[in-house]
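For the sequence shown, the positions run 566 to 803 when this note's numbering is used. By construction, the Cβ of each residue, glycine as well, lies at the ideal position given by its N, Cα and C atoms. Below you'll find the structure, written out as structure tokens, and then a few comments.
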Amino acid sequence: ILAHRVSAIDDERIFDTLKSLTNDVFRDSNNTSDEITHNIIDKLSKESFPPCMQQINLYLNKHHKIKHLARQQYILFLKGIGLSIDEAIKYWKSHFLKVMDLRQFESEYAYNIKHRYGLVGSRTNYKPYSCVKIISEVSPLGRECHGCPFRHEDLDTLKRKFTADKVKHSDNIIQLARSGKFQHACGAYFDSIHGIDDKTSDHTPNTPNEYFNNSISILQKKGLSCLKKSLRDNKCDD
């Protein structure tokens, strides 16, 4: 019994150590990492998430639960922008506990989140998905919301959405998507919503996280991002 208790204590210490190391990695790899908290995700989504992550965020806000493929895509994206494991658990709880009890969340979902952060199981440090991986996923069906809108969504529907949102140059964006240039379409969308008319600029993303980082950088330079250099200046809750 004593040996079992010692083992349990050691496991807990290992988990805490790994969690600390994981959070340190986020802080070193992303200059906004220590500013990301669970309660500003929606604001960040409106400002700087690429369309593929915005659609997951919107679906999650509406239904408070998402299917497996979208969940893996979104967990790793949020991990990549610097959401710590503690904040991630708070974020997913804030949604999932609206449609299930705590026991179900802990038994069916919390472990997977920790696993994706490399804190349990094989302790693999999973990287956020690339655009190529997301584009190559099977098309979402029914209540699924994963994938790339430029690849998987009906483009006429997407164009109407862009028109309603007053996205400039939407014809060009949709034409790129129709031509199979999905990442270029996303880059053109990025330029449009960030007011970039320079034809020599290239914001074609390789990952959704690259899109996010570029957006934050541009908005911060303009003083328009809710993220600042310190939490004291954070305006995301306004």
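Integer-rounded CB distance, given that residue j should sit under 8 Å from residue i
| i | j | result |
| --- | --- | --- |
| S790 | E612 | 6 Å |
| I678 | I654 | 6 Å |
| E600 | L792 | 5 Å |
| P693 | F642 | 5 Å |
| N771 | C696 | 6 Å |
| H660 | L625 | 6 Å |
Close Cβ partners of residue i (< 8 Å) along its chain, the five nearest in sequence each way excluded
| i | result |
| --- | --- |
| L662 | F670 |
| K746 | none |
Residue i in three-state terms, based on DSSP
| i | result |
| --- | --- |
| D791 | For the sequence presented, residue 791 should be read as Cys rather than Asp. Correct three-state label for C791: coil. |
| C617 | helix |
| D721 | helix |
| E612 | helix |
| D756 | helix |
| S704 | coil |
| N604 | helix |
| V864 | In the structure displayed, the chain extends from 566 to 803; residue 864 sits before or after that span and is not available. |
| R743 | helix |
| I781 | helix |
| R716 | helix |
| T728 | helix |
| K627 | helix |
| N771 | coil |
| D736 | helix |
Contacting residues, own chain, Cβ-Cβ under 6 Å from residue i (five flanking each side not counted)
| i | result |
| --- | --- |
| A635 | I621, C710 and H711 |
| H603 | E652, K655 and Y656 |
| F727 | S735 |
| P616 | P714 |
| I700 | C713, R716 and F747 |
Sequence-distant residues of its chain with Cβ nearer than 7 Å to residue i (five each side left out)
| i | result |
| --- | --- |
| A753 | H734, N737, I738 and L741 |
| N690 | G683 |
| H680 | G686 |
Extent of the continuous alpha helix (DSSP H) to which residue i belongs
| i | result |
| --- | --- |
| K644 | H633 to I646 |
| A653 | I650 to F661 |
| K679 | Y676 to R681 |
Any non-hydrogen atom of the ligand GTP closer than 7 Å to residue i Cβ
| i | result |
| --- | --- |
| Y754 | Annotation note on the ligand GTP: not contained in the displayed structure, which lists no ligands. |
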